[in-house]
Amino acid sequence: MEQKIDYLEIELDDLKQPDTKQVIEFFNLLVKAVKAKLVYPSSSKLPEQFKGNLIKKTSSILEKIEDLSFKISSNNITYGNITVYESSSRTENFAHVFFRDGIVGLHFHPGIDDDEMGRFVDLLARMMRTIYIDDDLATLLWEENFQYISYDLIDEDFEIETFEYSTNTFKTDINPSDDDIQSLFLDEAHIKFEDDDTDTDQQKEGINLHGSAYARMPQESHDFLSRISEFSKEEKEQLADLLATDVSFNHTQYLLTVIFEILGMEKELSGYIEVISFIGKVRDSYIASCDFSSASSLLNRMHELLDVLKNLKSSRVEKIEEFFLDCASKEKIEMLTQTLNKHKDIDTEGLENYLKQLPWAAIDPLLSSLGELEHYQTRRVLCKVLIELGKDHVDIVAKGLDDERWYVVRNIVKILGELANPRVINYLKKTIKHPDYRVRKETLAAAAKMNTNESVDFMIIALSDPDPKIQLNSLKLLTEKKYTRAFMAIENIIKNKKFKDKSPEHIRDFLEAYAILGQSKAFAYLKTLATKKYFFPSTNEERLRLNAVNALARIKTSEAVRFINKLASGRNKKLSSAAMRAIHIKKKD
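The letter at position 303 of the sequence shown is residue 307 when you use the numbering used here, and the numbering goes up by one with no holes.
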């Protein structure tokens, strides 16, 4: 059952964390919009009304809060230290819809439009409509390609509760009766019957046949009966050890040991090839059953065997190498892909260990597989493996850039960036012009890792990218790395007449970068902007002037310091306030 939020408590917390009420209202509207989609028929206008209220609230709150971020657990959702949603059960639990698929954070960014928010509401309603779904929420969010809604996934390093054996685990609730014990000894003890013990008349009178037999049992039998009625402490410990040994017994390793012993004893080449073929079938069986830990162990043993044969200069090395090439073949990788798409929960560590043992010949089929995998976690593993396999094979990895799917190209660009090979720049020249901004953004990040003159050129080119976010990302990278070559390009941008119409963030960041990279060369123009007088200044012109004052504080020359101090003590209240604020920020930095 959902719990109501304590608004009295929020009144107090709002003093510490502004806009808390609006965040609560926003999230309540989100929940209502989703539930309206579930409750009312498609012909009803109410769901659209709820959705419209949510969209209005979203636009309003994102004007005040640049990054609206929530943390998610299994039964509640929080904004900062404030709980905005809580539910005590899993039925109709809004938080559980996210948490069950590993989503622990949700972010809304400025710029979100009606269509994106509407699609987000529809997606959540779809996830809450049924328990049995074909895909997880993280994958569906990724496929929707939201530009202004992002999410955080749970860290892979988490604890897993395991079953532990103890003597109590195997203790039965069924207690044997006297008849059970007596019937046991009828078979085990040598009992001599008197003639009257089996007389029919006596049976009809209800005489217990076992009574006299039990009384005449040897003392050893009586002692045995006493001992089995309850296990001693030592016996319980021995049983627990035996059971633990049985549970921990690794049948896979035992099987592999037997197989490789057979392979080592095989003298005939035909028999040797036959055993290797059998090992290949075992490998296929492991993959089909999603047992990548065992498949990885098998390849590890084959690598050990290959190293031994190479040291011995054996002619059978070729057969082992053919086995590995078969593992890397298009057919085997396709079989692997099908298995991964059938199973949502897989052993990602085992999968990664298996794939990393494949030869470089696996790169090309793995690139094809990257576009076919349906689950995020398996795509992530594949990217990590391709980084490992592609270190000395940049040209082969770069073939993936020809894929028509933007998300495949983006992943390939990320892989190339991690390789940090100067040759990668030649391939990034193609993707920096890709029509999808997400590919261009990843290209920029990859180029920044090269630390070459060409990579700086890439970042300078990106300053004129159609997407403002890429422009700012490029500017940030250039500023952080102190690439002064970008100064002239930035100056051309800020001297453009349309620059004052850019967003506040855009104007602020570009002017600061201009000051940091130009220093004394930037002083004259920034001074002109800061002191320019207008009869009736517009909001944009006033913003440009105040941001110029802020940027001047980034210049470390004595002339700039004197000027900013002069502004701080001047008569113009707005300029004075901006100058003092800039000086204060500079001291903190």
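Built from N, CA and C at the ideal position, the CB exists for glycine as well.
Keep in mind it's a predicted model, so treat the numbers as computed, not measured.
Secondary structure of residue i, DSSP reduced to three states
i: D191; result: The pLDDT assigned to D191 is 49, lower than 50, so where the model puts this residue is not dependable, and the model offers no usable value.
i: G574; result: coil
i: F539; result: coil
i: E272; result: coil
i: D18; result: Confidence in D18 is poor, its pLDDT being 48 and thus under 50, which makes the residue's placement too unreliable to answer from.
i: Y258; result: helix
i: Y83; result: strand
i: T561; result: coil
i: L362; result: coil
i: Y431; result: helix
i: A586; result: helix
i: H510; result: helix
i: Y169; result: At Y169 the pLDDT is 36, less than 50, meaning the model places this residue with poor confidence; the figure from the coordinates comes in the next sentence. Coil, per DSSP.
i: T532; result: helix
i: P369; result: helix
i: I337; result: helix
i: R104; result: coil
i: A424; result: coil
i: G375; result: coil
i: C294; result: coil
i: R320; result: coil
i: I436; result: coil
Close-in-space but distant-in-sequence residues of the same chain around residue i (CB under 8 Å, 5 per side omitted)
i: R305; result: L260 and F264
i: S573; result: S580
i: K590; result: A557 and R558
i: S373; result: I337, E338, L340, T341 and L386
i: I283; result: I263, L267, L302, M306 and F327
Residue nearest to residue i in terms of C-alpha spacing, selected from the options
i: I400; options: R414, A583 and W364; result: W364
i: L533; options: C331, L521 and I511; result: I511
i: V35; options: F567, F124, G115 and K504; result: F124
i: I81; options: E70, M121 and F30; result: F30
i: V286; options: I587, S300 and G275; result: S300
i: V321; options: C331, A332, D330 and L309; result: L309
i: S459; options: Y290, I465 and A451; result: A451
i: G115; options: N57, K317, Y290 and D71; result: D71
i: K628; options: A552, A490 and V417; result: Nothing in the structure corresponds to residue 628, since the chain is present only between 5 and 593.
i: F327; options: E278, L344, T343 and P541; result: E278
i: E378; options: D140, H113 and L127; result: D140
i: L571; options: I587, T561, R558 and E509; result: I587
i: I367; options: D349, K336, H347 and K348; result: K336
i: M121; options: K506, G56, F74 and F282; result: G56
i: I59; options: E52, D118 and F112; result: D118
i: K388; options: R547, R414, I419 and I436; result: I419
i: E545; options: P508, Q523 and S524; result: P508
i: R130; options: Q151, F112, V38 and T87; result: V38
i: T24; options: S77, P51, Q53 and I86; result: I86
i: R585; options: A555, I416 and D311; result: A555
i: Y529; options: K506, T543, N500 and Q242; result: N500
i: D440; options: S78, F150, L145 and D126; result: F150
i: S293; options: L482, A449 and L344; result: L344
i: T296; options: K41, D105 and D349; result: For the sequence presented, residue 296 should be read as Phe rather than Thr. Of the candidates K41, D105 and D349, the one whose C-alpha sits nearest the C-alpha of F296 is D349.
i: P426; options: T143, V398 and E241; result: V398
i: Q523; options: L316, K560, D159 and T543; result: K560
i: Q361; options: N455, D330 and H347; result: D330
i: T352; options: Y380, A332 and L273; result: Y380
i: K403; options: T435, E563, P51 and A424; result: T435
Nonlocal neighbours in the same chain, by C-beta distance under 7 Å from residue i, ignoring five residues either side
i: G375; result: D407, R409 and V412
i: E422; result: I391
i: E76; result: Reading off the sequence, residue 76 comes out as Ile, not Glu. Contacts found: A99, F102, F103, I107, V108, G109 and L110.
i: A583; result: V553, I568, L571 and A572
Bridge partners - residue i, DSSP secondary structure assignment
i: Y155; result: L110
i: E353; result: DSSP, once it has assigned bridges, lists no residue as partnering E353.
i: Y380; result: For Y380, which the question treats as bridged, DSSP gives no partner whatsoever.
i: E90; result: N80
i: L72; result: F112
Same chain, Cβ closer than 6 Å to residue i, five either side skipped, listed in chain order
i: H438; result: R444
i: S334; result: Before going on, a small fix: residue 334 reads as Lys here, not Ser. Excluding positions up to five away in sequence, the list reads P369.
i: I464; result: A490 and A493
i: L110; result: F74 and Y155
i: L33; result: N57, L58 and K61
Is the number of C-beta pairs between the stretch 62-73 and the stretch 96-108 that are closer than 8 Å three or more? no
Counting pairs of beta carbons, one from the stretch 466-478 and one from the stretch 444-452, are three or more of them closer than 8 Å? yes
Segment contact flag, the stretch 487-496 with the stretch 512-526, C-beta cutoff 8 Å, min 3 pairs: yes
Three Cβ pairs or more, each shorter than 8 Å: is that satisfied between the stretch 356-363 and the stretch 387-396? yes
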